[in-house]
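Residue numbers (our numbering): 110 to 294.
Glycine included, each C-beta is placed from N, C-alpha and C at the ideal position.
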């Protein structure tokens, strides 16, 4: 007797079971694809973290530079500035219209001394009398130095090095600036 689904049937079976080797091959291919996707996502996440760390370091150095760009062009730098980590300067006192206040003999009246330095926690701080302001976080291993050469007293060279470390990743951004000091004597 010949059955329509028997081994001698001329009709093809429309459904058949999956064999164990086929199942194992399919699982291996799927696992390999999944492993590749996870590896790509992991490396992308690591690259994003590294980029964020570099961006944060860059922004810290640029923030410190921006504070100096606002204050130093009209400043009078005091003391020896030979590669020191602290800068002391004075800025002109300004009236309501933003013009310098002049004394009785026509000289510019200056503010009290203002100091810039890197504190022990890695912040660039500005000190004026009893007021201490944090300007930018350069990191615990950050650096700052100020240099004015005797032959060019109207030129101040500033070097910031912002450093960050996050886990095994680290970032460093050095920034060298030169300011023209119009009020140097």
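- Query: Is it right to say residue 170 is buried, meaning 16 or more other beta carbons lie within 10 angstroms of its own, or is it exposed?
  - Reply: buried
- Note down the Cα distance separating residue 265 from residue 159, rounded to an integer number of angstroms. 33 Å
- Task: Please list, in chain order, all residues of the same chain as residue 226 whose beta carbon is under 8 Å from its beta carbon, the five residues on each side excluded.
- Result: 194, 195, 196, 233, 234, 236 and 253
- Query: At a cut of 8 Å, does the region 204-223 reach the region 142-149 through at least three beta carbon pairs?
  - Reply: no
- Task: Check whether the Cβ atoms of residue 231 and residue 199 sit closer than 9 Å, and answer yes or no.
- Result: no
- Assigned exposure category for residue 127 - 16 Cβ within 10 Å defines buried: exposed
- Message: Taking its Cβ as the centre, do 16 or more other Cβ atoms sit within 10 Å of residue 223, making it buried, or is it exposed?
- Response: buried
- Message: How far does the alpha helix (DSSP H) with residue 222 in it extend, from its first residue to its last?
- Response: Premise fails: residue 222 is in no alpha helix (DSSP H) and is neither H nor E.
- Message: Residues in the same chain with beta-carbon distance under 8 Å from residue 210, minus the five sequence neighbours each way, listed in chain order, please.
- Response: 201, 202, 203, 204, 217 and 218
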